[in-house]
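A.B. asks:
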Amino acid sequence: MDDNQLSTSQENIKLLVGPHQVAIDVTNKCNLRCLHCYNNSGENQVIADELSDDDIRKFVDELADMGIYNICYCGGEPLLRRKLLFECTAKLKEAGVPNISMVTNGLLLTKEVAKEIKESGINRVQISLDGARAVSHDRIRNKKGVYEQAIRAINNLKSVGINANIAFTPTSFNIGEFEDVHALLRGLELYDIDFRLQPLMFMGRASENLKDICPSPEMYRELLKKVYKINKEGIEPHITWGDPVDHLIRFTEQPVCNNQCMIRANGDIVASTYLPLVVGNIRKHTLQEYWEAGLRDIWSFKVVREFGVQIKCIADMEGTNPLYPRVWVDKDIYIDLIDDDLNDLEQLKKYL
Ligand code: SF4
-14 MDDNQLSTSQ
-4 ENIKLLVGPH
6 QVAIDVTNKC
16 NLRCLHCYNN
26 SGENQVIADE
36 LSDDDIRKFV
46 DELADMGIYN
56 ICYCGGEPLL
66 RRKLLFECTA
76 KLKEAGVPNI
86 SMVTNGLLLT
96 KEVAKEIKES
106 GINRVQISLD
116 GARAVSHDRI
126 RNKKGVYEQA
136 IRAINNLKSV
146 GINANIAFTP
156 TSFNIGEFED
166 VHALLRGLEL
176 YDIDFRLQPL
186 MFMGRASENL
196 KDICPSPEMY
206 RELLKKVYKI
216 NKEGIEPHIT
226 WGDPVDHLIR
236 FTEQPVCNNQ
246 CMIRANGDIV
256 ASTYLPLVVG
266 NIRKHTLQEY
276 WEAGLRDIWS
286 FKVVREFGVQ
296 IKCIADMEGT
306 NPLYPRVWVD
316 KDIYIDLIDD
326 DLNDLEQLKK
336 YL
């Protein structure tokens, strides 16, 4: 990109009046302790300082005014705060937000809850299925009986007219079951869904369990051949390969307009969920204020890029620079987009 193109692109970024997509960890509490949980849910440092119900209500009011396109309730297990979420969803629907989604492990998703989800207006739900059999799903989810509960949740959603999207995380012991999971989804009549695969991330609880659960490069290669074959033959459901590193490489090499916003359960705003850097907090300033101060252009800031360039592959997520904190393990670096200078690399020194 030459200088002219870059300045046109910077001008265009200013036209974006708010994020298209917002992902918020509504809680990091969880009723599971999965071996691969990248953000250490149930036990991480954010839990002690989670947003209150009123903090979340206030934030959702702001999102409704901003006119976002998509919100995802993430976690932890979002259904632990379901009454609040249903209340927030009503506001967002009224404001015309078209896509309201959530991710869940399915344990709390009874028939009654499925009905409430449908009635609330949440229109996309992602459930994790990490095996075609109980033995592998329950092993990674670290609890017996949860495979049956995930299947029950999928069926409960189906009975109210929601076809769940499915996430599958490969590990050394379930990766061979991938085609069986795909066939299982067909058996459950889940054709027109997003079947999402994402590699195991070297973060949080996964880092502690790598030697027991990490697939080898050869295993990944075989998996990708199968994914390519199924997609090429057009056998539904289509499989999406989610690459968690891709955005870090692209955005640091060529800063682009940021159309997303990620909020942690304590209100922290992060440029990427995979970096140990917090750039603001919604209890300190409004999202609109952060947006106008540069959140829409967050990848052009030197400090953000300094962290982004550290990660070129998944193994780098464990931390390549021993001076920098490990995300979801150590305390994050907090340099506020409004109150500090995110272009001043010298500021990092006070943390290191
Ligand atoms: S992976 Fe999901 S269900 Fe498992 S501990 Fe983490 S947040 Fe909970």
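In the numbering used here, the protein residues as written are -14 to 337.
Just so you know, even glycine gets a beta-carbon here, dropped at the ideal spot from N, CA and C.
All of these numbers come straight from a predicted model, not from anything done at the bench.
Would you kindly check if the distance between the Cβ of Lys211 and the Cβ of Glu164 is under 8 Å?
C.D. replies: It is a contact, given that the beta carbons lie within the stated cut-off.
A.B. asks: Taking 7 Å as the limit, name every residue whose beta carbon sits nearer than that to some heavy atom of the ligand SF4, in sequence order.
C.D. replies: Proximity annotation: the ligand SF4 has residues Cys15, Leu17, Arg18, Cys19, His21, Cys22, Asn24, Ser26, Gly27, Gly60, Gly61, Glu62, Asn90, Ser113 and Arg126 in chain order, each selected because its CB is closer than 7 Å to a heavy atom of the ligand.
A.B. asks: Are Ile198 and Leu209 touching if we call contact CB-CB under 8 Å?
C.D. replies: Between Ile198 and Leu209, the CB-CB gap reaches or exceeds 8 Å.
A.B. asks: Among Asn251, Glu47 and Val255, which one has its Cα closest to the Cα of Asn243?
C.D. replies: Val255
A.B. asks: How would you label Val2, buried or exposed, when you count the other beta carbons within 10 angstroms and need 16 or more for buried?
C.D. replies: exposed
A.B. asks: From the DSSP output, in three-state form, read off Trp276 for me.
C.D. replies: helix
A.B. asks: Go ahead and label Leu330 buried or exposed: buried means 16 or more other beta carbons lie within 10 angstroms of its beta carbon, across all protein chains shown.
C.D. replies: exposed
A.B. asks: Suppose only complete runs of 4+ residues qualify. What are the alpha helix (DSSP H) ranges in the region 146 to 184, listed by chain order?
C.D. replies: 163 to 172
A.B. asks: Taking the C-alpha atoms as reference points, what is the distance between Asn140 and Met247?
C.D. replies: 30 Å
A.B. asks: Near Asn266, which residues of its chain fall below 6 Å by C-beta distance, leaving aside the five closest residues on each side in sequence?
C.D. replies: Gly252 and Asp253
A.B. asks: Hey, which unbroken runs of the alpha helix (DSSP H) at 4 residues or more fall wholly within the region 285 to 320?
C.D. replies: 287 to 293
A.B. asks: Tell me the DSSP bridge mates of Ser113?
C.D. replies: Ala152, per the DSSP bridge assignment.
A.B. asks: Does DSSP classify His54 as helix, strand or coil?
C.D. replies: The identity of residue 54 in the sequence shown is Tyr, whereas the question assumes His. Of the three classes helix, strand and coil, the one that applies to Tyr54 here is coil, per DSSP.
A.B. asks: Between Cys59 and Asp115, which are expected to be in contact by the criterion C-beta below 8 Å, what is the C-beta distance as a whole number of angstroms?
C.D. replies: Taking a contact as a CB-CB distance under 8 Å, the pair Cys59 and Asp115 does not count as one, their CB atoms being some 17 Å apart.
A.B. asks: From Gln273 to Glu218, what does the alpha carbon distance come to, in whole angstroms?
C.D. replies: 45 Å
A.B. asks: Can Leu337 be considered in contact with the ligand HEM, in the sense that its beta carbon sits closer than 7 Å to one or more heavy atoms?
C.D. replies: Ligands displayed in this structure: the ligand SF4; the ligand HEM is not among them.
A.B. asks: Note the first and the last residue of the continuous beta strand (DSSP E) segment covering Val88.
C.D. replies: Asn84 to Thr89
A.B. asks: The alpha helix (DSSP H) spanning Asp123 covers which residue range?
C.D. replies: For Asp123, the enclosing alpha helix (DSSP H) has its first and last residue at Ala119 to Arg126.
A.B. asks: Which residue comes first and which comes last in the alpha helix (DSSP H) that contains Leu208?
C.D. replies: Taken as a continuous stretch (DSSP letters only), the alpha helix (DSSP H) holding Leu208 covers Pro202 to Lys217.
A.B. asks: Where Leu262 and Ile318 are concerned, what is the direct C-alpha to C-alpha distance, given to the nearest angstrom?
C.D. replies: When the Cα atoms are used, Leu262 and Ile318 turn out to be separated by approximately 5 Å.
A.B. asks: Find the nearest neighbour of Arg42 within the set Leu77, Leu65, Cys22 and Tyr54, judged by alpha-carbon distance.
C.D. replies: Leu77
A.B. asks: Name the two residues that bound the continuous alpha helix (DSSP H) containing Ala138.
C.D. replies: Val131 to Ser144
A.B. asks: Measure from the alpha carbon of Phe292 to the alpha carbon of each residue in Asp325, Leu280, Phe187 and Ser257, then state which is nearest.
C.D. replies: Ser257
A.B. asks: Would you mind giving the Cβ-Cβ distance between Ala135 and Leu142, rounded to the nearest angstrom? I have them listed as a contact below 8 Å.
C.D. replies: About 11 Å separates the beta carbons of Ala135 and Leu142, which is beyond the 8 Å limit, so they are not a contact pair.
A.B. asks: How close, in whole Å, do the beta carbons of Asn322 and Leu280 come, if the pair is a contact with beta carbons under 8 Å?
C.D. replies: First, the residue type needs correcting, since residue 322 is Leu and not Asn in the sequence shown. With 8 Å as the limit, Leu322 and Leu280 qualify as a contact, their Cβ atoms being about 6 Å apart.
A.B. asks: Rank Ile56, Asp231, Gly146 and Cys15 by C-alpha distance to the C-alpha of Asn127 and give the top, closest one.
C.D. replies: Cys15
A.B. asks: Pull up the distance between the alpha-carbon of Arg137 and that of Thr95, whole angstroms please.
C.D. replies: 8 Å
A.B. asks: May I have the straight-line CA-CA distance separating Thr237 from Gly130, to the nearest angstrom?
C.D. replies: 43 Å
A.B. asks: With distances taken from CA atoms, which of Ala80, Asn306 and Thr74 is nearest Ile107?
C.D. replies: Thr74
A.B. asks: Could you check how far apart the C-beta atoms of Leu20 and Asn194 are, in whole angstroms? I think they sit under 8 Å.
C.D. replies: 5 Å
A.B. asks: Could you tell me the alpha carbon to alpha carbon distance between Gly91 and Ile125, rounded to whole angstroms?
C.D. replies: Between the alpha carbons of Gly91 and Ile125 lies a distance of about 15 Å.
A.B. asks: Measure the C-alpha to C-alpha separation of Ile296 and Glu72 and round it to an integer number of angstroms.
C.D. replies: 38 Å
A.B. asks: With a threshold of 8 Å, are at least 3 pairs of Cβ atoms found where one atom belongs to the region 165 to 185 and the other to the region 214 to 230?
C.D. replies: The region 165 to 185 vs the region 214 to 230: in contact.
A.B. asks: Can you list, in chain order, the residues of its chain with a C-beta nearer than 8 Å to that of Asp325? Leave out the 5 residues immediately preceding and following it.
C.D. replies: Once the five neighbours on either side are set aside, the close Cβ partners of Asp325 are Gln332.
A.B. asks: Rounded to the nearest angstrom, what separates Asn84 and Ser157 at their Cα positions?
C.D. replies: 34 Å
A.B. asks: State the beta-bridge partners of Gly265 as determined by DSSP.
C.D. replies: Ile254
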